[in-house]
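Going down the list, the sequences are from chains A and B. In this text, residue positions in the first sequence follow our numbering: the first is 318, and each later residue adds one. In this text, residue positions in the second sequence follow our numbering: the first is 59, and each later residue adds one. What follows is a set of notes on a single structure, which appears directly below.
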Amino acid sequence: MQLITSISLNYKQCVNLFIRFGITSATLVLLVVFLSKISPIDSGLSRVGDQFSDISYQAKNVSLKHGFGFSLLTNNLVLQDIKLAMPATFELATAAMLFAILIGVPLGILAAVNKDKLLDHILRMLCLLGNSVSIFWLSLMAMLLFYAKLQLFPAPGRVDIAFLDEIAQPRFLLISSILDGNWPLFKDALAHIMLPALVLGYYSLANISRMTRLFVLQELQQEYVITCKLKGMPFNQILRRHILPNTAIKLITVILLSYASLLEGSTFVENIFMWPGIGLYLTQSIMVNDLNAILACTIVIALIFITANFICDALYKFLDPRVANV
Amino acid sequence: MYKQVLAMYNNKSIVLGFSLLALFILVALVPTMFTRQSPYTPNFDNILAPANGQHIFGTDELGRDLFARIIFGTRYAFIVVLSVCIVTIPLGFTIGAIAGYKQNFIGNFLSRMIDVFLALPKLIIAMALVASVGVGIKNAIFAIILTAWAPYARLTRANVLQLKQQDFILVLKLQGVSSSRILFRFIAPLCLSPIFLQAFLDMSGYILMVAGLGFLGLGAQPPLPEWGSMLANAKDYILTHWWLITYPGGAILLLSLSFNLIGEGMQSVLTNKGF
Numbered sequence: 318m319q320l321i322t323s324i325s326l327n328y329k330q331c332v333n334l335f336i337r338f339g340i341t342s343a344t345l346v347l348l349v350v351f352l353s354k355i356s357p358i359d360s361g362l363s364r365v366g367d368q369f370s371d372i373s374y375q376a377k378n379v380s381l382k383h384g385f386g387f388s389l390l391t392n393n394l395v396l397q398d399i400k401l402a403m404p405a406t407f408e409l410a411t412a413a414m415l416f417a418i419l420i421g422v423p424l425g426i427l428a429a430v431n432k433d434k435l436l437d438h439i440l441r442m443l444c445l446l447g448n449s450v451s452i453f454w455l456s457l458m459a460m461l462l463f464y465a466k467l468q469l470f471p472a473p474g475r476v477d478i479a480f481l482d483e484i485a486q487p488r489f490l491l492i493s494s495i496l497d498g499n500w501p502l503f504k505d506a507l508a509h510i511m512l513p514a515l516v517l518g519y520y521s522l523a524n525i526s527r528m529t530r531l532f533v534l535q536e537l538q539q540e541y542v543i544t545c546k547l548k549g550m551p552f553n554q555i556l557r558r559h560i561l562p563n564t565a566i567k568l569i570t571v572i573l574l575s576y577a578s579l580l581e582g583s584t585f586v587e588n589i590f591m592w593p594g595i596g597l598y599l600t601q602s603i604m605v606n607d608l609n610a611i612l613a614c615t616i617v618i619a620l621i622f623i624t625a626n627f628i629c630d631a632l633y634k635f636l637d638p639r640v641a642n643v
Numbered sequence: 059m060y061k062q063v064l065a066m067y068n069n070k071s072i073v074l075g076f077s078l079l080a081l082f083i084l085v086a087l088v089p090t091m092f093t094r095q096s097p098y099t100p101n102f103d104n105i106l107a108p109a110n111g112q113h114i115f116g117t118d119e120l121g122r123d124l125f126a127r128i129i130f131g132t133r134y135a136f137i138v139v140l141s142v143c144i145v146t147i148p149l150g151f152t153i154g155a156i157a158g159y160k161q162n163f164i165g166n167f168l169s170r171m172i173d174v175f176l177a178l179p180k181l182i183i184a185m186a187l188v189a190s191v192g193v194g195i196k197n198a199i200f201a202i203i204l205t206a207w208a209p210y211a212r213l214t215r216a217n218v219l220q221l222k223q224q225d226f227i228l229v230l231k232l233q234g235v236s237s238s239r240i241l242f243r244f245i246a247p248l249c250l251s252p253i254f255l256q257a258f259l260d261m262s263g264y265i266l267m268v269a270g271l272g273f274l275g276l277g278a279q280p281p282l283p284e285w286g287s288m289l290a291n292a293k294d295y296i297l298t299h300w301w302l303i304t305y306p307g308g309a310i311l312l313l314s315l316s317f318n319l320i321g322e323g324m325q326s327v328l329t330n331k332g333f
């Protein structure tokens, strides 16, 4: 009987989550449509000459069916441009996330184990700085230091000029170059992705390591840790066998959320490192007042963000039944 | 209360944060105390000069004194933070309180609205709003406000949901006190300290956001010495003139660091968790 009530509760919560997701997306679309109506920018009038009649009609038709209209920047359909840009953004965000997880999670665990010692304080400063620094300034400083002064990394961009043809199609460069066995391209792409990924990764590293530390500390206070200690289990084993699996559940949601917010942060990083992703496309469209592209990018980025939020909520309730029944 | 104040005084990060903030407030109130140079007057004989005796941070691409521009720019950062807080805190509190206190249609609707605005990506929405409606520091502030009220509303709603089940609220109800009076006279004071804590934690976010909008050319317009738009101009000189990007960004970092230090410290004093 108990089981049935808990399942029905979960069902109700699932519906609730879906409703919230639907309402949020609807609000987003309404907001964007509202912005396009009140905006003084006329996407039709910003085109002149013989192109005016036909294209301006389509340019005003900012619907998905019309590919969000035409872009002033590239003269392509905005949807086409976004399709081309998305893999680049995902590649950068994934590389940044890998860096943030590989450094952030161990750092958080070490800080929790050595609470109030030197390492903990170092991490605390790191997090404070990470929350206080503006990501575009960090990118500029990284470029100034590592590219201009030390010349450790190649010039901004996704690949060297020699390989420009390679990024004409939407694809994940690092993966596809390995699959093709194109090692010079892989090396070049890797060298180009390093610096932006490091900067972008630091942006979420602070959050991830901080949450890891918090979760491990919470687990350390649980009674099962005392039981394990009493039965003589070495601390390393307690950490590996019991604490880490328990924190992993909560960490997955944190990581997913940071991944979504990386998309926001990558707007600036892409702009500065000339990374041909959706963030660069958005900022360049802002520069030329291209309303179609701006609003289309807003919808795409925000929808990804909202979906990640939604998946996070669902996952959290699914993986941790204690939360679901609260 | 006295104990808490004492604990705050003993907390290193709060003291450090407040002293930094006090310095910035002084700079914002009387910028002329710190520099004699004008932040607007160009000097074409002295373009992009490195630091020297007359210009301690050097000059920018129009020969204006960089130090003076940073000093006068402090004011804009505070204008943004203050105007956002003045609007969002009462707005968020009112919406959150009604959402938590009323169990009817309005309450449910407001609760949904809070969830929706929490789930929207703040920066992208702000960028879209300013880019399509028009650039300028006023619109940038409005764009930040659009999503910034939601955390306060969520916090207040959670607090009100807890508080309204307490016995003293029942007693007040039985005495026939109106619900708005209960909310604003009795529940509001109890919700204030978490809200102010949230405000200090969020303030650095507002500064970073308005600087980001300025950097994309969406915030304050030239010749206003706003830090973000100064960085936008300096971007073209990054390879040759390092001081143009280093100092304004450093100012942003220090100011938002001071807010974060205070927020973190208050968190550890008030809630005993924090970092």
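Even glycine gets a Cβ: it sits at the ideal position worked out from N, Cα and C.
Contact note: R215(B) does not reach chain A at a C-beta cutoff of 9 angstroms; the least C-beta distance is about 15 angstroms. Residue contact check for F385(A) against chain B: no CB pair falls below 8 angstroms.
Taking a C-beta distance under 8 angstroms as the contact criterion, T132(B) and D123(B) do not qualify as a contact pair.
If you check the CB distance, A625(A) and I183(B) do not come in under 8 angstroms. Look at E322(B): its C-beta is under 8 angstroms from a C-beta on chain A. Considering only beta carbons, the part of the region 562–596 of chain A lying closer than 9 angstroms to chain B consists of A577, S578, L580, E581, G582, T584, F585, N588, I589, in chain order. For P357(A), the nearest CB of chain B lies under 8 angstroms from its own CB, placing it at the interface with that chain. From the beta-carbon of V191(B), the residues of chain A found nearer than 8 angstroms are L352, I355, S356, P357. Taking C-beta atoms as the reference points, V395(A) and N609(A) count as a pair closer than 8 angstroms.
Distance from the Cα of I153(B) is smallest, within the candidate group A278(B), L106(B), I83(B), R215(B), for R215(B). Sorting M460(A), I426(A), D398(A), E587(A) by C-alpha distance to the C-alpha of N553(A) places I426(A) at the top.
Looking at the backbone, the Cα of I566(A) and that of R170(B) are separated by about 27 angstroms. Rounded to whole angstroms, K634(A) and F338(A) show a C-alpha spacing of 15 angstroms.
Linking L64(B) to A410(A) through their CA atoms gives a straight-line distance of about 44 angstroms.
Judged by their CB atoms, L328(B) and S262(B) are not nearer to each other than the 8 angstroms cut-off. The C-beta separation of F130(B) from P97(B) comes to about 4 angstroms, placing the pair in contact by the 8 angstroms criterion. Distance between A508(A) and A189(B), taken at the CA atoms: about 34 angstroms.
Taking the Cα positions, A135(B) is about 42 angstroms away from Q486(A). Across the set A211(B), F200(B), S326(B), the C-alpha of F200(B) shows the shortest separation from the C-alpha of L271(B). Rounded to the nearest angstrom, the gap between the Cα atoms of Q468(A) and M460(A) is 9 angstroms. 8 angstroms or more divides the Cβ of L579(A) from the Cβ of I621(A). The beta carbon of V542(A) is closer than 8 angstroms to those of E536, I555, H559, I560 in its chain, skipping five residues each way along the sequence. With respect to S456(A), F590(A) sits close: the two C-beta atoms are nearer than 8 angstroms.
The straight-line gap separating the alpha-carbon atoms of S575(A) and N606(A) is approximately 30 angstroms.
Here D123(B) carries a strand assignment [DSSP, helix/strand/coil]. Only buried fits R530(A), as 16 or more other CB atoms lie within 10 angstroms of its CB.
Proximity of V268(B) to chain A, defined by a Cβ-Cβ separation below 8 angstroms, is not satisfied.
Between V332(A) and chain B, the shortest Cβ-Cβ separation is not below 8 angstroms.
In summary, A479(A) is exposed, with fewer than 16 beta-carbon neighbours lying within 10 Å of its beta-carbon over all protein chains present. The beta-carbon separation of V349(A) and I616(A), rounded to 6 angstroms, stays under the 8 angstroms limit for a contact. With a cutoff of 8 angstroms on beta-carbon distance, F254(B) and A208(B) are scored as not near each other. Per DSSP, the beta-bridge partners of L394(A) are F387(A). For T117(B), DSSP records a beta bridge to D123(B).
The CB of L547(A) never comes closer than 7 angstroms to any CB in chain B; the least such distance is about 27 angstroms.
Put simply, the CB of S77(B) is far from chain A, with every gap to its CB atoms at 8 angstroms or more.
Here the alpha carbon of M267(B) sits roughly 15 angstroms from the alpha carbon of T146(B).
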